[in-house]
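Plus 8 on top of the position in the sequence shown (first one is 1) and you've got my numbering. Worksheet: one structure, shown below.
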Amino acid sequence: MPQTILRTAGLCKNYRGRPAVDHLDMQVEKGAIYGFIGRNGAGKSTTFKMLAGLARPSAGQIELFGQPLTEAAARRRLGVLIEDTGAYPGLSVQENCRLKAAALGLEDEKTAVQRVLEEVGLQDSARKACKQLSMGQRRRLGLALALLGSPDLLLLDEPTNGLDPEGIREVRSLLLRLQAERGVTIVISSHLLGELEKIATCYGILRAGHMVQQITAAELDARCRDYIALQTSEPHRAAAALEETLKLRDYEVLPGGEVHIFGTADPAAVTAALAGAGVPVQGIGAHRQELEEYFLALMGVEEDA
Ligand SMILES: Nc1ncnc2c1ncn2[C@@H]1O[C@H](COP(=O)(O)OP(=O)(O)OP(=O)(O)O)[C@@H](O)[C@H]1O
Ligand SMILES: [Mg+2]
Numbered sequence: 009m010p011q012t013i014l015r016t017a018g019l020c021k022n023y024r025g026r027p028a029v030d031h032l033d034m035q036v037e038k039g040a041i042y043g044f045i046g047r048n049g050a051g052k053s054t055t056f057k058m059l060a061g062l063a064r065p066s067a068g069q070i071e072l073f074g075q076p077l078t079e080a081a082a083r084r085r086l087g088v089l090i091e092d093t094g095a096y097p098g099l100s101v102q103e104n105c106r107l108k109a110a111a112l113g114l115e116d117e118k119t120a121v122q123r124v125l126e127e128v129g130l131q132d133s134a135r136k137a138c139k140q141l142s143m144g145q146r147r148r149l150g151l152a153l154a155l156l157g158s159p160d161l162l163l164l165d166e167p168t169n170g171l172d173p174e175g176i177r178e179v180r181s182l183l184l185r186l187q188a189e190r191g192v193t194i195v196i197s198s199h200l201l202g203e204l205e206k207i208a209t210c211y212g213i214l215r216a217g218h219m220v221q222q223i224t225a226a227e228l229d230a231r232c233r234d235y236i237a238l239q240t241s242e243p244h245r246a247a248a249a250l251e252e253t254l255k256l257r258d259y260e261v262l263p264g265g266e267v268h269i270f271g272t273a274d275p276a277a278v279t280a281a282l283a284g285a286g287v288p289v290q291g292i293g294a295h296r297q298e299l300e301e302y303f304l305a306l307m308g309v310e311e312d313a
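Here you go:
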């Protein structure tokens with residue numbers, strides 16, 4: 009029985025009477041890497057802020073670790089990276105981490121700080137003042153601060169934003185390692201869908217503050233199937249011919265007349281069968297529905313854009 013680590017019900021946040029998050033129902037199981045996706049302004053950061061206790065919900069409930077969100081419990085078991093790192097610009101990387109470690113009451117501050125700086129690849133910049141960090145280095149510091157105290161749940165709002173390709177790869181393997189070795193649950197937002205696809209075990213798709221769909225990576229994979237796209241002026245005769253000669257049942261005639269044939273059918277056999285039945289074929293080709301296509305359709309177009 010999977011254990012739910014995070015749950016929201018009817019979660020709302022209004023800014024000046026306008027909903028930024030609108031009756032959001034979200035559920036994250038223990039050990040998941042939950043890809044939280046949506047267009048700019050969909051409400052991802054606002055949701056993260058409420059989950060982290062940094063913004064007060066206008067309505068609704070948040071449950072963390074099976075209990076209502078409370079400050080003390082949240083602070084202890086949560087690691088958060090949202091937009092700005094919240095680091096003191098005049099202090100060094102190391103000093104900022106030490107302060108956070110002290111605030112968490114960590115026993116061996118020095119070792120803990122050293123470990124997280126190594127994990128995010130900042131060990132050589134430990135003495136640099138935060139205001140002198142590059143964008144990617146600031147992001148890494150934010151991640152280091154989130155990792156202090158070995159949290160059970162990580163909330164990461166665009167953690168790879170501004171990172172170089174190597175940094176993106178390092179973050180990817182760090183997150184996979186945290187999940188595999190320490191059973192950490194991770195909620196991560198990103199606009200890099202291809203990158204997310206490499207690590208996410210499930211997804212929550214947000215549109216105008218509302219959850220459009222929660223789907224596991226396995227379910228998604230089954231939906232994004234390989235298919236043969238067939239263009240013909242007589243789609244229904246084509247379908248009948250395919251059923252009769254090739255015994256194909258798993259196909260779809262789209263409103264525009266294109267026929268999508270799923271399964272293991274061979275395009276050459278399809279062409280031959282249609283030629284034999286005298287059905288004209290304007291085009292035929294093998295396709296795979298991309299993750300991006302699937303997500304973009306669900307994320308939709310902003311009504312007021
Ligand atoms: N402090 C604020 N005051 C007023 N409106 C806000 C505030 N913060 C966010 N909003 C509005 O709430 C909506 C959701 O914003 P949010 O930052 O949560 O989106 P997002 O999904 O994180 O977008 P992005 O992908 O650009 O980071 C937007 O319309 C935004 O303008
Ligand atoms: Mg955001």
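Glycine included, C-beta positions come from ideal geometry on N, C-alpha and C. If you're wondering where the values come from, they're calculated on a predicted model, not measured in any experiment.
Asked                                                                                                           : Found
Heavy atom of ligand 2 within 6 Å of Lys52 beta-carbon                                                          : yes
Distance CB(Val261)-CB(Pro243) smaller than 7 Å                                                                 : yes
CA-to-CA distance, Gln187 to Val88, given in whole angstroms                                                    : 16 Å
Limits of the beta strand (DSSP E) - the one that His31 falls within                                            : Arg26 to Glu37
For Lys21: DSSP bridge partner residues                                                                         : Val29
Tyr23 Cβ short of 6 Å to ligand 1 heavy atom set                                                                : yes
Cα-Cα separation between Val195 and Leu14, rounded to whole angstroms                                           : 10 Å
For Ile207, three-class secondary structure by DSSP                                                             : coil
8 Å CB neighbourhood of Leu299 in its chain, flanking five on each side removed                                 : Leu201, Gly202, Glu205, Leu228 and Cys232
Nearest to Ile70 (by Cα), restricted to the options Glu126, Asn48, Ala50 and Leu32                              : Leu32
Residues near Tyr96 in its chain [Cβ-Cβ closer than 8 Å; skip 5 each side]                                      : Glu103, Asn104, Leu107 and Cys138
Whole-Å CB distance - Ile292 paired with Thr279, under 8 Å assumed                                              : 6 Å
Own chain partners of Tyr211 with C-beta closer than 6 Å, once the 5 adjacent residues on each side are dropped : Gly43 and Ile223
Pro27 beta carbon less than 7 Å from that of Gly217                                                             : yes
Ala28: CB within 6 Å of a non-hydrogen atom of ligand 1                                                         : yes
Distance, Thr12 Cα to Gly74 Cα                                                                                  : 7 Å
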